[in-house]
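2 protein chains.
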Amino acid sequence: RDQKAINLNDPFANEPFRLPVLRINSQKPFNAEPPLEVLTDSFITPNELFYVRNHLPVPDFDLENFKLEVLVGGRKLALSVDEIKKKYKPVTITTTIQCAGNRRQEMSQYQNVKGLTWGACAIGTARWTGVRLRDILLDAGFDLNDNRFKHIQFNGNDKDITKSSYGGSIPKHKAMSIDGDVIIAYKMNGVDIPRDHGYPLRVIVPGYVGARNVKWLHQVVASDEESSSHWQRNDYKVFSPSTTFETADYKKAQSIQEMPVISAISTPAEGSKVESDDGVIEVKGYAWSGGGRDIIRVDVSADGGKTWKEANLVKDKPGADDSTHSWAWSLWNAEVEVTPGKKNEIVCKAIDSAYNCQPEFIGPIWNLRGFLTNAWHRISVEVEDDE
Amino acid sequence: RDQKAINLNDPFANEPFRLPVLRINSQKPFNAEPPLEVLTDSFITPNELFYVRNHLPVPDFDLENFKLEVLVGGRKLALSVDEIKKKYKPVTITTTIQCAGNRRQEMSQYQNVKGLTWGACAIGTARWTGVRLRDILLDAGFDLNDNRFKHIQFNGNDKDITKSSYGGSIPKHKAMSIDGDVIIAYKMNGVDIPRDHGYPLRVIVPGYVGARNVKWLHQVVASDEESSSHWQRNDYKVFSPSTTFETADYKKAQSIQEMPVISAISTPAEGSKVESDDGVIEVKGYAWSGGGRDIIRVDVSADGGKTWKEANLVKDKPGADDSTHSWAWSLWNAEVEVTPGKKNEIVCKAIDSAYNCQPEFIGPIWNLRGFLTNAWHRISVEVEDDE
Ligand SMILES: [Mo]
Ligand SMILES: [Mo]
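Line by line, the protein sequences are chains A and B. Going letter by letter, the first sequence gives residues 472 to 858 in our numbering. Going letter by letter, the second sequence gives residues 472 to 858 in our numbering.
Here it is in C-alpha cells:
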C-alpha cells in the first residue's frame with residue numbers, strides 16, 4: 472500500500488516490486504514470507520517467493536563505481552563485481568537460509584516476546600553462485616596462522632538515518648575453512664541476486680543464521696573482535712526462559728551462528744478440514760539443521776505424539792552443487808492414519824545427523840526475543856467422515 | 472570376583488586389574504563406569520576411573536612383532552608403534568568419549584530396552600597423544616580426490632571365538648579433514664594407553680560415539696562402504712519410539728556417529744538428603760556435545776523445570792591441546808534456591824553452540840536399544856530444614 476506514494480524524503484521510496492502473495496510482517500523495513508501452502512512445492516524456493524528480511528531500506532546501487540572493500544590488517548583490496556567474477560574460481564552452493572525469528576508466532580502465543588511475528592516460512596533454499604570468501608581473503612593477504620584475526624566482519628550498503636550500516640560477523644574458522652563453504656555470491660538461482668536479497672553481492676554463510684548472510688555487501692574486515700553492529704552484539708542472542716530484559720547480559724551470551732534442527736508441517740494447514748482416503752491423509756513439510764548436518768529422520772504423528780510414522784525424505788539431486796556438506800533442507804511427506812469425525816493433532820519432529828532432536832514444548836526454550844522456535848510443529852485438523 | 476579364577480581356556484583369563492570402585496555392568500566382556508560422585512572431580516578423568524566399554528576380551532599383545540596395517544586400494548603400509556612415533560608429527564587432542572548407552576538406565580526405567588544398564592558415567596575426558604590418521608593415510612597413498620573411498624574402516628585386535636574382530640568405520644570426510652582431529656593415539660593422559668583402553672594403539676574420533684574410537688587397533692582400511700562389522704551395520708543405530716525389533720530396518724537407519732548435546736547432575740546424588748545453606752544448595756555436573764560444538768549454557772532448576780538458573784561453566788585451559796575445536800565437555804556448578812522440609816526435583820539441561828537443546832522427556836526419544844538418552848537429567852533430593 473505504501474509503495475504507490477512517492478516521497479523523495481522517504482528512505483523507503485525506492486523499494487523493489489514484491490509479489491502480493493507474500494505475507495507482510497513489516498512494510499518499512501520490508502519483512503515478508505511466502506504462504507505455507509506453497510513453500511514446499513519445490514526443493515529450490517523461487518526467488519520471488521523467498522522470504523525477505525530487511526533491517527533497513529533496500530539501498531540504491533551505483534554498480535559503475537562500486538568496489539567491494541576487503542580490509543586485512545593495514546592492507547586494503549578493492550574489487551569490482553566484474554573483477555570478482557574474473558579473478559576467482561566460481562562455485563555454486565545450495566543452502567537453506569533461515570531467519571532466527573522463524574516460527575516466532577508460536578512462541579509469542581505461548582508468552583509475549585519482542586520481534587516480528589514470523590510464521591513458519593522465514594526459511595528458503597537457493598543455489599547461490601559466487602566465489603569463496605577464503606580465496607578473496609587469502610588474496611588480500613590474510614595469513615591463516617596470524618592469530619590477531621578471530622572474526623570476519625561484514626558491512627552492508629543498507630544504512631539507517633545516521634548512515635550506519637547493517638553488519639555482522641562470523642568466526643575466522645568458519646570463514647577460512649574450505650569446509651565452511653562461505654562464498655560471496657552474485658547469483659541466486661542462476662540470475663543476478665534480486666534487490667531484496669542483496670544485489671549485487673551477498674555473503675552466504677551456509678548453516679548459519681540468516682542474519683550473518685549480509686546483503687548488499689560492501690565491506691569485509693578481518694578483526695580481533697566480533698562486528699560492533701547492534702545486530703551482532705545486542706540482538707540475535709538467546710537467553711534462558713527465566714531471563715528478563717532487566718537481567719539479560721548481552722556481553723555474556725553467545726551470538727546465534729550455527730543453527731539447531733527444526734521442522735514444520737506445510738500441508739495440511741492449521742485448522743483446516745481434510746478428507747481422508749480410507750482413514751489416511753498425506754502430510755508434507757520441511758526439515759533442516761545447521762552446520763552442514765543432514766536430516767536423517769522425520770517422525771510424524773496424528774495423535775499428538777503418542778505414535779509415530781517415519782516420513783519419506785526428499786533430498787537435493789546428488790552433485791547439484793560444489794559442496795560435500797548438507798547445507799540444504801530435506802522436504803518430507805508421510806501418509807498417516809487419522810480418526811475421521813474429530814480433530815486430529817498432527818505433529819512432526821526431525822532428527823539430524825548428530826542425532827540432535829527438537830524440543831517437545833516451547834516453554835523450556837521460550838526467550839524474550841522469541842528466537843529459534845524449533846519445538847515440535849503441531850497443527851490441528853478436522854478430519855471429515857468418509858462417506 | 473571372576474578375576475581370581477585362572478582358566479587357560481577362558482578367553483577372559485588375562486584381563487587387566489581394575490579398581491574395585493568401578494560399578495560393573497558386565498564382567499565378561501568387562502563393562503564398568505566410575506561413581507557419579509567422583510566423575511566431575513577433575514576436568515581430565517584419571518585413567519583408572521575412565522569408563523570401560525569392552526565388546527570382547529582384552530587382547531594379549533606381542534609388541535615386538537606388531538605392525539599396524541594400513542590398506543589403501545591395492546597398497547599396504549605396515550608400521551610398528553615406534554615407526555608411527557618417529558615418522559609422523561605428534562599431536563595431543565583433548566576429547567570427551569561417551570558410550571552410546573550412557574544413561575540407558577533411565578531409558579530402561581521408562582520402558583524396557585536391550586543393552587547394558589549404564590548409569591550417567593559412561594563418559595570421560597582424556598588428553599590423547601598420537602599422530603593424525605590423515606598423515607598416515609596420505610603416506611599410504613590415499614588420494615583426497617579419489618571418490619572410490621567413502622569410509623575409513625578400523626579393526627581391533629580383540630576377537631570373538633570365531634576369530635572375527637571388533638570393528639567400525641567413519642566417513643572419509645571426518646577422517647581426512649584436518650578439522651576432524653582424528654588421531655591414532657599411543658598415549659592417554661601422558662602414559663602408554665592402559666590395556667583396557669586400547670594398548671598400544673587406539674583411534675580417537677573426537678565428537679563421535681565411543682564405538683568408533685576402536686581400541687587395540689591393528690588395521691585401517693580405505694573402502695567404498697562402511698565397516699561390515701556387526702557393531703556398524705546391526706547395532707549403534709536409533710529408531711523411532713514406534714519401531715519394534717520386527718519393524719526395525721537396519722539397512723535404512725544411519726549409524727550413530729556425531730553425538731547430540733547431553734548433560735547430567737553429578738552432585739547431589741539422586742535420593743540423597745541434603746542440607747541447604749540459607750535455602751541454597753550447590754549442584755554440579757557435566758555437559759557435552761559432539762561435532763566439536765561447545766557448550767554455551769547450562770540451565771539448572773530446583774523446581775522440576777519451572778524456573779531456571781544459569782550455571783557457571785568450567786572449561787579446559789586455553790591452548791591445552793593441538794585442536795581449535797571444542798571436543799571436550801564443560802563441567803558446571805550452580806547455587807540454586809531450594810525449599811527445605813520437602814523433596815526438590817533438581818533438573819539440568821544444556822545448550823550447545825548450534826543452540827541445540829536436550830529433549831524434556833525420554834518418551835519421544837525412547838528406542839528399542841536404549842541409545843542416546845539425552846533427555847533433561849532429573850534427580851530428587853530431600854532438603855532438610857535449616858535449624
Ligand atoms: Mo533474522
Ligand atoms: Mo558404546
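Where is the CB? At the ideal position from N, CA and C, for every residue including glycine.
query: For a contact defined as C-beta to C-beta under 8 Å, what are the partners of Glu-729 (chain B) on chain A?; result: Arg-764, Ser-824, Ala-825 and Tyr-826
query: Could you tell me which of B:Leu-527, B:Met-647 and B:Met-730 sits nearest to Thr-633 (chain B), measuring between CA atoms?; result: B:Leu-527
query: Nearest-angstrom Cα distance between Glu-697 (chain B) and Asn-583 (chain A)?; result: 49 Å
query: Using only the alpha-carbon positions, how far apart do Asn-573 (chain B) and Ser-551 (chain B) sit?; result: 34 Å
query: Spatial neighbours of Asp-823 (chain B) within its chain, please: C-beta separation below 8 Å, excluding the five flanking residues on both sides.; result: Val-732, Ser-760, Arg-764, Asp-765, Ile-766 and Ile-767
query: Measure the Cβ-Cβ separation of Pro-487 (chain A) and Thr-566 (chain A) and say whether it is below 8 Å.; result: no
query: Rounded to a whole number of angstroms, what is the C-alpha to C-alpha distance between Lys-538 (chain B) and Arg-546 (chain B)?; result: 15 Å
query: With DSSP as the reference, label Tyr-522 (chain A) as helix, strand or coil.; result: coil
query: Please compile the residues from chain A whose C-beta is within a distance smaller than 9 Å of the C-beta of Asp-770 (chain B).; result: Ser-711, Pro-712, Ser-713 and Pro-835
query: So that I know if they touch, is there some Cβ in chain B lying closer than 8 Å to that of Thr-566 (chain A)?; result: no
query: Between Pro-677 (chain A) and chain B, is there a C-beta pair that is closer than 8 Å?; result: no
query: Report buried or exposed for Asp-652 (chain A), applying the criterion of at least 16 other Cβ atoms within 10 angstroms of its Cβ.; result: buried
query: Per DSSP, what are the beta-bridge partners of Met-659 (chain A) in this structure?; result: A:Trp-599 and A:Val-662
query: Just the Cα atoms here: how many angstroms apart are Tyr-670 (chain A) and Asp-663 (chain A)?; result: 7 Å
query: If we count Cβ pairs, one from each stretch, closer than 8 Å, do we get three or more for the stretch 825-832 of chain A versus the stretch 707-719 of chain A?; result: no
query: To the nearest angstrom, how far is the alpha carbon of Pro-505 (chain A) from that of Lys-755 (chain A)?; result: 16 Å
query: Could you check how far apart the C-beta atoms of Ile-833 (chain B) and Ala-846 (chain B) are, in whole angstroms? I think they sit under 8 Å.; result: 5 Å
query: Could you work out which residues of chain B lie near Gly-761 (chain A), taking near to mean beta carbons separated by less than 7 Å?; result: Ala-825
query: Could you check where the beta strand (DSSP E) with Trp-847 (chain A) kicks off and where it finishes?; result: From DSSP, Trp-847 (chain A) is part of no beta strand (DSSP E); its letter is neither H nor E.
query: DSSP on Leu-527 (chain A), reduced to helix/strand/coil?; result: coil
query: In whole angstroms, what separates the C-alpha of Tyr-721 (chain A) from that of Gln-728 (chain A)?; result: 15 Å
query: Less than 8 Å between CB atoms is the rule here; does Gly-776 (chain B) satisfy it with respect to chain A?; result: yes
query: Tell me whether the beta-carbon of Gly-638 (chain A) lies closer than 8 Å to the beta-carbon of Trp-702 (chain A).; result: yes
query: How many Å lie between Ile-817 (chain A) and Cys-592 (chain A) at the Cα?; result: 18 Å
query: Among B:Asp-614, B:Val-771 and B:Phe-483, which has the Cα closest to the Cα of Asn-502 (chain B)?; result: B:Phe-483
query: What residues in its chain sit with their C-beta under 7 Å from that of Lys-792 (chain A), if we drop five residues either side in the sequence?; result: Checking the sequence, you will find Asp at residue 792 (chain A) rather than Lys. Closer than 7 Å at the Cβ level, and outside the excluded window around Asp-792 (chain A), lie Thr-563, Ile-564, Thr-565 and Arg-598.
query: Report the neighbours of Glu-781 (chain A) on chain B: residues whose CB is nearer than 7 Å to its CB, in chain order.; result: Ser-711
query: Could you tell me which residues DSSP pairs with Cys-625 (chain A) in its beta bridges?; result: The amino acid at residue 625 (chain A) is misidentified as Cys; the sequence shows Phe. DSSP output for Phe-625 (chain A) lists A:Gly-639 and A:Val-691 as bridge partner(s).
query: Glu-535 (chain A) by DSSP, collapsed to three states: which one?; result: helix
query: Under 8 Å Cβ to Cβ from Pro-530 (chain A), same chain only, skipping five residues before and after it: list those, please.; result: Gly-627, Asn-628, Asp-629, Lys-630 and Trp-687
query: Looking at the secondary structure, which residues open and close the alpha helix (DSSP H) in which Lys-558 (chain B) lies?; result: 552-558
query: In angstroms, rounded to a whole number, what distance separates the CA positions of Arg-472 (chain B) and Asn-485 (chain B)?; result: Note on Arg-472 (chain B): pLDDT 42, under 50, position unreliable in the model; no value is reported.
query: Determine the contact status of Glu-508 (chain B) and Ser-737 (chain B), defining contact as a CB-CB distance below 8 Å.; result: yes
query: DSSP three-state call for Asp-720 (chain A): helix, strand or coil?; result: coil
query: Give me the chain B residues within the contact set of His-644 (chain A), using Cβ-Cβ distance strictly less than 7 Å, ordered along the chain.; result: Thr-795
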